[in-house]
Amino acid sequence: MNLALLPLATPPPPPTPTPPPHAVAAWPLQPRPEVVRGFELPAKPWLPGHRGVDLAGRPGQPVLAATAGTITYAGALAGRGVVTITTGPRRTTYEPVVPAVSVGVTVKTGTVIGRLSAAGSHCLPRSCLHWGLLQGKHYVNPLTLLPNRPVRLLPLAERATQPAAAAPRTVSPAPESPPDHNQRAAKLVIAATAALALTAGLLIRRG
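See below:
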């Protein structure tokens, strides 16, 4: 009996592992820095405010791309080194930085884009990185990009402006209510009537 040789079935290839989703953003300084000053959007565009966050760092510390994108600015601006990364309508800015990238270069999240500069710091005499975010023409808090936003405690000056919780009311005994005017008038009428009756009785006896 001839047995036909059946072709060996080729096992299916193993499934391609799904790459982990890219983080929306990461801290531009590592390890996770202290937020020295938070985002303070002014009520009007021309009023003073703080259009970004200041992150504590040290001079020469590597500055990382918080988001993936294209370098659209890398150079001096108003006496400070600035790097801008653009992704669609979104731009993240970093200053003061000694740039290590050139305009037109594509970077990934975590790419070293420069070194933190001591000159032009927003936090003198300390060194810090000013990290900004623009969505179109509007400034936005860059911390909103992070997957786990830090909890920022209000300074004492700001806490003082918060409405205080109402203190529990102490129940005190109610004061004695003054006698009712109608009751007082009734007592006077009764007393006067009794006096008249007594007087009339005396007059009758004398008569």
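When the letters of the sequence shown are read in order and numbered with this note's numbering, they come out as residues 10 to 216. All C-beta atoms in this analysis are idealised placements derived from N, C-alpha and C, irrespective of residue type, glycine included.
- Under the criterion of beta carbons closer than 8 Å, Pro105 and Gly90 qualify as touching, at roughly 5 Å.
- Taking 9 Å as the cut-off, the Cβ atoms of Gly69 and Thr102 do not count as close.
- In the DSSP assignment, Glu104 falls within the beta strand (DSSP E) that extends over Arg99 to Glu104.
- Remark: C-beta atoms of Gly61 and Leu38 do not approach each other more closely than 9 Å.
- Thr79 and Gly113 do touch by the CB rule: their CB atoms are close to 7 Å apart, below 8 Å.
- Nearest to Pro40 by alpha-carbon distance, out of Ala109, Pro156, Pro71 and Lys146, is Pro71.
- Between Val92 and Asp63, the CB-CB gap reaches or exceeds 9 Å.
- If the five residues before and after Pro51 are omitted, its C-beta is found closer than 7 Å to the C-beta atoms of Pro57 and Gly58, all from its own chain and listed in chain order.
- Distance check between Lys146 and each of Glu43, Pro54 and Ser126 places Pro54 closest, using alpha-carbon atoms only.
- Boundaries for Gly145: no beta strand (DSSP E) harbours it, and the DSSP string shows neither H nor E there.
- Spanning the alpha carbons of Gly129 and Leu86 requires a straight line of approximately 10 Å.
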